[in-house]
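Read through the structure below, which is laid out as structure tokens, and then see the notes.
There are 2 protein chains.
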Amino acid sequence: MTVPRAETEYVDRRSLHERIAADLRDDIMSGELAPGASLPSTARLKERFDASNATVQKALQLLKEEDLVVGRAGASVTVREHRRRTVAPAALSTADRWLTEAAKHGTHARSVLRDVAEVRPPADVRSALNLPVDGTALLRSQILLIDDEPAELVDCYYPLAIAEGTALMERRRIKGGTPALLAELGHSARRSVDRISAEIPTQEQYRSLRLTSSTPVLRTLRVVHGAGDSPVEVTVMVKAGHLYELRYEF
Amino acid sequence: MTVPRAETEYVDRRSLHERIAADLRDDIMSGELAPGASLPSTARLKERFDASNATVQKALQLLKEEDLVVGRAGASVTVREHRRRTVAPAALSTADRWLTEAAKHGTHARSVLRDVAEVRPPADVRSALNLPVDGTALLRSQILLIDDEPAELVDCYYPLAIAEGTALMERRRIKGGTPALLAELGHSARRSVDRISAEIPTQEQYRSLRLTSSTPVLRTLRVVHGAGDSPVEVTVMVKAGHLYELRYEF
DNA sequence: GCTACCTTTCACAAAAACCAGTAAGGTCGC
DNA sequence: GCGACCTTACTGGTTTTTGTGAAAGGTAGC
Chain V
2 MTVPRAETEY VDRRSLHERI AADLRDDIMS GELAPGASLP STARLKERFD
52 ASNATVQKAL QLLKEEDLVV GRAGASVTVR EHRRRTVAPA ALSTADRWLT
102 EAAKHGTHAR SVLRDVAEVR PPADVRSALN LPVDGTALLR SQILLIDDEP
152 AELVDCYYPL AIAEGTALME RRRIKGGTPA LLAELGHSAR RSVDRISAEI
202 PTQEQYRSLR LTSSTPVLRT LRVVHGAGDS PVEVTVMVKA GHLYELRYEF
Chain Y
2 MTVPRAETEY VDRRSLHERI AADLRDDIMS GELAPGASLP STARLKERFD
52 ASNATVQKAL QLLKEEDLVV GRAGASVTVR EHRRRTVAPA ALSTADRWLT
102 EAAKHGTHAR SVLRDVAEVR PPADVRSALN LPVDGTALLR SQILLIDDEP
152 AELVDCYYPL AIAEGTALME RRRIKGGTPA LLAELGHSAR RSVDRISAEI
202 PTQEQYRSLR LTSSTPVLRT LRVVHGAGDS PVEVTVMVKA GHLYELRYEF
């Protein structure tokens with residue numbers, strides 16, 4: 002019968018090995034533990050976190066599954082090469098720019114068109130498109146693969162008034178990219194607004210992005226405005242948190 | 002003795018009630034379930050997720066702890082008012098701008114100076130400041146409170162060459178804000194670069210921000226460049242993921 | 001080859017997650 | 001006020017996870 006005090010006693014409810022992993026992960030991601038460096042030994046970590054051998058091991062197991070560290074029996078657990086993919090909004094704007102960008106870094110990237118359909122978009126997209134509650138839009142759903150690993154989910158929504166009768170409605174890749182096509186149609190982008198948030202992945206996202214443990218996702222809701230500031234395209238991009246970093250300059 | 006197939010069988014390893022909470026949370030955050038709306042009944046959720054009564058309740062319990070929903074016995078579990086705080090980079094630049102911004106929205110915000118000290122900054126900050134591995138910088142660590150709830154951790158790092166002998170080194174609030182002071186010192190901001198990532202909170206962050214369940218955090222590493230493009234200030238901002246949304250326009 | 005240090009693995013107690021079912025009691029439309 | 005539907009709470013029982021401690025076995029320097 003423990004009596005929790007209101008303010009003073011605030012505890013982390015995650016399991017011990019998750020907490021240990023969280024702190025070590027931060028040391029790695031912040032660069033405190035650089036790639037190639039060794040983590041403190043199990044004995045040392047036992048001390049630092051006041052945990053048992055196996056619990057520390059389980060924490061390390063999590064980091065291994067995230068491909069952050071490798072352990073060799075007898076030697077030490079070392080930090081792997083893990084540079085996060087930095088992506089600036091300009092590079093984001095089309096999947097194609099993306100692909101060429103990736104090629105420069107020696108990685109193989111490709112996008113797969115998952116679905117093209119007229120759907121009732123989620124409420125936040127709907128309001129960005131100025132649609133009524135029962136309004137529909139054209140959805141082009143893609144998934145980006147880097148070295149054949151799923152890396153990002155991209156859902157592009159277009160107003161039907163714009164998409165109707167164009168190549169956008171066809172279930173195949175747009176040659177030259179959608180921005181070029183939209184520009185041809187007289188809807189070139191004048192202004193873009195990104196809204197970024199960190200989310201806990203849904204089951205769908207978890208499976209599609211092949212996430213491990215409790216990785217968060219980075220969600221970007223992009224509204225592209227055309228002439229007269231009317232919305233031309235709304236894109237929802239969901240990336241695995243540990244793979245990406247967004248870069249904005251101003 | 003189950004034989005896991007390599008590619009096809011990829012499963013979500015989170016506990017069932019966490020997965021249920023994740024999907025419901027997405028319905029709420031995307032606006033699918035608007036504030037005031039009722040969630041499906043326990044019986045319906047049991048069906049939808051193929052779970053038992055108690056498991057569904059546990060999922061709902063998580064959402065209640067996040068203040069996303071309220072349940073009244075007999076009636077239904079309804080979505081609470083939860084508008085996320087949207088914050089644009091301009092409004093971010095000083096804690097003071099922040100405070101006046103908050104006042105406009107009828108909320109009470111204040112910042113507490115936690116610490117002022119010369120420290121060896123984390124590696125990513127260090128490299129942004131062009132410091133050697135053993136270099137130090139001045140840290141001004143603050144925490145932002147909104148309605149007396151911790152909302153954001155702000156760590157500002159300044160090169161010693163700039164901070165030395167100025168009010169920055171004193172353990173008290175800067176009148177007029179640090180940007181104004183820096184400008185006076187001849188280090189006005191010419192260019193800023195933000196790098197945004199989603200992270201799993203460390204134990205420190207978890208406790209300081211009073212996080213619940215497995216909420217991620219939104220981390221912004223801002224590098225402010227002055228004349229000659231030399232770094233004048235590096236700020237690390239860590240916000241609770243469910244409270245914030247970043248907005249960038251270009 | 002020896003030794004110190006390290007990771008890894010195994011056996012086992014305690015805790016929790018989960019299920020099925022039941023029951024108490026609140027809310028709302030009729 | 002009645003009944004349908006709802007949230008909440010509790011029981012008992014199985015399975016999985018979390019945690020501990022000790023032992024097995026690899027690595028590297030001497």
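First to last, the protein sequences are chains V and Y. Going by our numbering, the residue at position 22 of the first sequence is 23; the numbering climbs one at a time, nothing skipped. Going by our numbering, the residue at position 86 of the second sequence is 87; the numbering climbs one at a time, nothing skipped. Built from N, CA and C at the ideal position, the CB exists for glycine as well.
In DSSP terms, what residue i is bridged to
i	result
D195/Y	Y249/V, R223/Y
V237/Y	D156/Y, L222/Y
V12/Y	In the DSSP output, where bridge partners are listed per residue, V12/Y has none listed.
P151/V	L146/V
S256/V	The structure shown does not extend to residue 256/V, since chain V is modelled only from 2 through 251, so no value can be given for it.
V117/V	R141/V
T203/Y	Bridge partners of T203/Y: none, in fact.
A20/Y	Sequence check: residue 20/Y is Arg here, not Ala. For R20/Y, which the question treats as bridged, DSSP gives no partner whatsoever.
R127/V	According to DSSP, R127/V bridges with nothing at all.
R86/V	Y245/V
P232/Y	H226/Y
C-beta contact flag for residue i and residue j at 8 Å
i	j	result
D116/Y	L140/Y	yes
D13/Y	R208/V	yes
E119/Y	T137/Y	yes
C157/V	T236/V	yes
R223/V	S193/V	yes
L219/V	Y245/V	yes
L34/Y	V80/Y	yes
V233/V	H188/V	yes
I175/V	L186/V	no
L247/Y	V88/Y	yes
P90/V	F251/Y	yes
L146/V	A110/V	yes
S215/V	S112/Y	no
A152/V	K240/V	yes
Spatially closest choice to residue i from the options, by CA coordinates
i	options	result
S65/Y	L40/Y, F50/Y, R86/Y	Checking the sequence shown, residue 65/Y turns out to be Lys, not Ser. Ranking the options by Cα distance to K65/Y, first place goes to L40/Y.
P217/Y	V224/Y, G227/Y, Q204/Y	Q204/Y
G227/Y	T56/Y, R49/Y, R127/Y, A184/Y	A184/Y
V126/V	R191/V, D148/V, R196/V, L247/V	R196/V
N54/V	S31/V, R86/V, L17/V	L17/V
R173/V	P122/V, H109/V, S128/V, Q143/V	Q143/V
D28/V	I175/Y, R15/Y, P123/Y, L169/Y	P123/Y
T213/Y	Q206/V, L212/V, I201/V	I201/V
T1/Y	R86/Y, S215/Y, A181/Y	The requested residue 1/Y does not occur in the structure, where chain Y is confined to residues 2 to 251.
S231/Y	A60/Y, R111/Y, Y159/Y	Y159/Y
E82/Y	L46/Y, R111/Y, G37/Y	G37/Y
A129/V	A23/Y, L25/Y, G32/Y	G32/Y
N131/V	L63/V, A162/V, G178/V	A162/V
D24/Y	A44/Y, F50/Y, R45/Y, Y11/Y	F50/Y
L61/Y	I21/Y, G75/Y, Y11/Y, A74/Y	I21/Y
A76/Y	L114/Y, S42/Y, R84/Y, L169/Y	S42/Y
H243/V	E19/V, Y11/V, R26/V	R26/V
T56/V	E19/V, G166/V, E171/V, G178/V	E19/V
R15/V	E48/Y, M170/Y, Q206/Y	Q206/Y
G178/V	G72/V, A44/V, L114/V, E48/V	L114/V
A74/V	Q58/V, L63/V, R84/V	Q58/V
May I ask you to list, following chain order, the residues of the segment 204–223 of chain Y that have a beta carbon less than 9 Å from some beta carbon of chain V? Q204, E205, Q206, Y207, R208, R211, L212, T213, S214, S215, T216, P217, V218, L219, R220, L222
Of all the alpha helix (DSSP H) runs that stay within the bounds of the segment 27–84 of chain Y, which reach a length of 4 or more residues? 43–50, 54–66
Where the segment 112–124 of chain V meets chain Y: residues whose CB sits under 7 Å from a CB there: P123, A124
Which residues, in chain order, does the segment 161–195 of chain Y contribute to contact with chain V at a C-beta distance below 8 Å? R192, S193, V194, D195
Closer than 9 Å between beta carbons: that is the criterion. Which residues of the segment 72–90 of chain Y meet it against chain V? R85, T87, P90
Below 9 Å between beta carbons is the criterion; list the residues of the segment 141–155 of chain Y that meet it against any residue of chain V, in chain order. none
What are the residues of the segment 30–57 of chain V that lie near chain Y, defined by any Cβ-Cβ distance shorter than 8 Å? M30, S31, G32, E33, A35
Closer than 8 Å between beta carbons: that is the criterion. Which residues of the segment 234–250 of chain V meet it against chain Y? G242, Y245, E246, L247, R248, Y249, E250
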